[in-house]
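Residue numbers (the UniProt record's numbering), protein chains in the order written: chain E, 1 to 251; chain H, 1 to 409.
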């Protein structure tokens, strides 16, 4: 009798756990869609460097989120029907999805570290590709222009980056312009507020903040959404699967 | 009401006072609080402060000792106790005396220490005062000497004004750090020559006519080359900018016009005033303000030029050597030094371990599942006393109820 009660308890736990997993799966699906869509503002920075797996992780998470949802619903039925074969199928499917989701989390967080662990990669990319004529250069130039305008920043760590290193920009626009004109403070009608001050680099005419902080926080935000949220789902699913295995053995 | 309060003639509380609810203090803090509250209920009443208990002094020896035994008497049973008591008193007295002396010694030591510290402090103050006096004297002497030398210099200048190459004792400098671009790899922002040449007299041109020019020379070679050719008549066009820094045989200096002398008046003008060397970019006229070679070390000097005669009338001193920045190559930035964040390590390790555990558990479960199929039903233990041939009975339990009832869940 105690055995039967234990199995009933396990079944209830499994059903509730699977309902929860289904909801979590849908939420992961939604978050991953958001990351994939929203990220195309800053995608070139990751894409040009070849380390865009934060977004590859989000694509995988879209599929695994939906798959979690479907498999969890199937798991509810398998637990209620008390059939061994169905429980086994449920376990195997969940394990496969688990492996894919692990891969997504790990790759997202590793690539985020590579991209924005320190400012070197972003700085080198900016110096090399800004104002370059290639396709990658055009993308980077557009992205940086938008970032500099929105966040009101210049350079990676500061405008000194443009002076301290050689760059494609300095080769093209030479000694006349030390830094791009997007670094200059502008009026509300987009005119440069003080061209002289911008040329010499006075704080009244140029943005002195560096853009790396913003880029790092945005990319980190996407990564934490995919990897930490995925990690928490996986921890929950881990315990759920252990309980499911115990239930399967008792059936 | 008053009658009921006075029971058995005991004095009750005076009428009009309400009884306070009985609160028992559970912590020392609460006890203190209750006491304070009681005191504060009548703040005008003086608080009873008990006197300090008297210091213990050793008992004075008694004036009369009763019941003295004869000197030849033997000791009775009580003698030991008498002796015991007087021994105790004696030890106490000795102890008390020792403590008193220790206390007095400590007091005296403290007083002496205080005195010594005072003396040391006074000594230090005196030493430092002497030092300060010395410095003050030195400064006064220097000021006096400067004043004397200035007057001497002024006299000398006045005497020398007829000759060219007069030097104004001012050193050109970079503007103080108000902007990012004051020193780049190809340009320098210098302070404007405000009021540099206004004290000179006997010039052939007025301040509306005289022009201020700038000499930029690279290294000592440039300085020497310029100073050798300073007095020649065509000095202004002697070293055109495009050929100034070409190779080792070039003059390594060029001269460019800054402006009229009266555009740099002595009064303070608003805004940031600077003169940017290299503002014309890569130009090719003789006296243009072109960019300097990257990373070069240059020295600059403002000169006062008479435009009619094209001669140098006066000049400042040479500036300190200014080294332009050498930008590093962007390919030298090392992208392999990214640091692994703690989050990445945590996520990777925990997820990999949990994945391995799950796969292992699934494999174990499957193996057990397969082995349980071949063995029948091992979860029901075989009765130990029976042999192999006797049929086994399955008990009716809720687990197997689906085999025995027609109620489907």
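Quick reminder that beta carbons are idealized off the backbone N, C-alpha and C, glycines included.
Short CB-CB distance (under 8 Å) between residue 177/H and chain E | No, no contact with chain E.
Return the bridge partner residues of residue 70/E from the DSSP annotation.
-> Partner(s): none; residue 70/E has no beta bridge.
For residue 231/E, which residues in chain H fall below 7 Å Cβ to Cβ?
-> Within 7 Å Cβ-Cβ: 347 and 351.
Compute the Euclidean distance between the alpha carbons of residue 239/E and residue 18/E, then round it to the nearest angstrom.
-> Taking the straight line from one Cα to the other gives about 11 Å.
Mind checking whether the beta-carbon of residue 170/H lies closer than 7 Å to any heavy atom of the ligand ZN?
-> With respect to the ligand ZN, the structure shown offers nothing to examine, as it has no ligands at all.
Tell me, please, whether the CB atom of residue 368/H is closer than 8 Å to any CB atom in chain E?
-> Residue 368/H counts as touching chain E.
Under the three-state DSSP convention, the category residue 209/H falls into | Three-state DSSP puts residue 209/H in coil, outside helix and strand.
By how many angstroms is the C-alpha of residue 89/H removed from the C-alpha of residue 102/H?
-> Each residue's alpha carbon lies about 20 Å from the other.
Using a beta-carbon distance cut-off of less than 8 Å, what residues from the stretch 272-302 of chain H approach chain E?
-> Contacts with chain E (Cβ-Cβ distance below 8 Å) from the stretch 272-302 of chain H involve 272, 274, 276, 278, 281, 282 and 291, listed in chain order.
What first and last residue would you give for the beta strand (DSSP E) that runs through residue 315/H?
-> First-last of the beta strand (DSSP E) with residue 315/H: 311-316.
Indicate the three-state DSSP secondary structure (helix, strand or coil) for residue 166/E in the structure shown.
-> Here residue 166/E sits in coil by DSSP.
Per-residue burial, residue 67/E [other beta carbons within 10 Å of its own, 16 or more giving buried] = Result: buried.
Residues of chain E with a CB under 8 Å from the CB of residue 221/H: which are they?
-> Proximity of chain E to residue 221/H at the Cβ level (cut-off 8 Å) is not reached, the minimal Cβ distance being about 23 Å.
Helix, strand or coil for residue 218/H, going by three-state DSSP, please let me know.
-> The DSSP-derived three-state label of residue 218/H is strand.
According to DSSP, is residue 306/H helix, strand or coil?
-> Residue 306/H: strand per DSSP, three-state reduction.
Validate contact between the stretch 189-197 of chain E and the stretch 214-225 of chain H using beta carbons, cut 8 Å, 3 pairs = Touching, no, given that fewer than three Cβ pairs across the two stretches are closer than 8 Å.
With C-beta atoms as the reference, is residue 230/E less than 8 Å away from residue 104/E?
-> Yes, Cβ-Cβ distance for residue 230/E and residue 104/E is below 8 Å.
Got a sec? Which residues, its chain only, sit under 8 Å from residue 48/H by beta carbon, not counting five neighbours each side?
-> Excluding residues within five positions, none has a Cβ falling inside 8 Å.
Between which two residues does the alpha helix (DSSP H) containing residue 107/E stretch?
-> Per DSSP, residue 107/E is one residue of the alpha helix (DSSP H) stretching across 84-116.
Could one say the Cβ of residue 411/H lies closer than 8 Å to chain E's Cβ atoms, at least one of them?
-> A question about residue 411/H goes unanswered here, because the residues of chain H that appear run from 1 up to 409.
Cβ pair count under 8 Å reaching 3, the stretch 346-365 of chain H against the stretch 98-118 of chain E = Yes, the stretch 346-365 of chain H is in contact with the stretch 98-118 of chain E.
Cα-Cα, which of 271/H, 293/H and 110/H is closest to residue 184/H?
-> Among 271/H, 293/H and 110/H, the Cα nearest to that of residue 184/H is on 293/H.
Chain E contacts made by the stretch 321-348 of chain H, where a contact means CB separation under 7 Å | From the stretch 321-348 of chain H, only 325, 327, 328, 329, 330, 333, 334, 335, 337, 338, 339, 340, 341, 343, 344, 347 and 348 have a Cβ closer than 7 Å to chain E.
DSSP on residue 276/H, reduced to helix/strand/coil?
-> Reduced to three states, the DSSP call for residue 276/H is strand.
Where do the ends of the alpha helix (DSSP H) carrying residue 286/H lie?
-> From DSSP, residue 286/H is part of no alpha helix (DSSP H); its letter is neither H nor E.
Can the beta-carbon of residue 73/E be found closer than 8 Å to that of residue 33/E?
-> Going by beta carbons, residue 73/E and residue 33/E fall outside the 8 Å limit.
Quick one: which unbroken alpha helix (DSSP H) runs of 4-plus residues sit fully inside the stretch 56-100 of chain H? Chain order, please.
-> None, since the stretch 56-100 of chain H contains no complete alpha helix (DSSP H) of that length.
Check whether the Cβ of residue 365/H lies closer than 8 Å to any Cβ atom in chain E.
-> Yes - at least one Cβ of chain E is within 8 Å of the one on residue 365/H.
If you compare alpha carbons, which of 112/H, 252/H and 202/H is closest to residue 226/H?
-> Nearest Cα to residue 226/H within the set 112/H, 252/H and 202/H: 252/H.
At a Cβ cut of 7 Å, what residues of the stretch 89-123 of chain E count as close to chain H, listed as they run along the chain?
-> Those would be 91, 95, 98, 99, 102, 105, 106, 109, 110, 113, 114, 117, 118, 120, 121 and 123, in chain order.
Which two residues bound the contiguous beta strand (DSSP E) that contains residue 260/H?
-> Segment 253-260, the beta strand (DSSP E) holding residue 260/H.
Is it buried or exposed for residue 316/H, if we count other Cβ within 10 angstroms and need 16 for buried?
-> A buried status is given to residue 316/H, since no fewer than 16 other beta-carbon atoms sit within 10 Å of its beta-carbon.
Please name the residue in 263/H, 205/H and 302/H whose C-alpha comes closest to that of residue 256/H.
-> Comparing C-alpha distances from residue 256/H to each of 263/H, 205/H and 302/H shows the shortest one belongs to 302/H.
Could you tell me the distance, in whole angstroms, from the CA atom of residue 43/H to the CA atom of residue 100/H?
-> If I take the Cα positions, the gap works out to 42 Å.
Whole angstroms is fine: what's the gap from residue 152/E's alpha carbon to residue 242/H's?
-> Distance from the CA atom of residue 152/E to the CA atom of residue 242/H, rounded to whole angstroms, is 39 Å.
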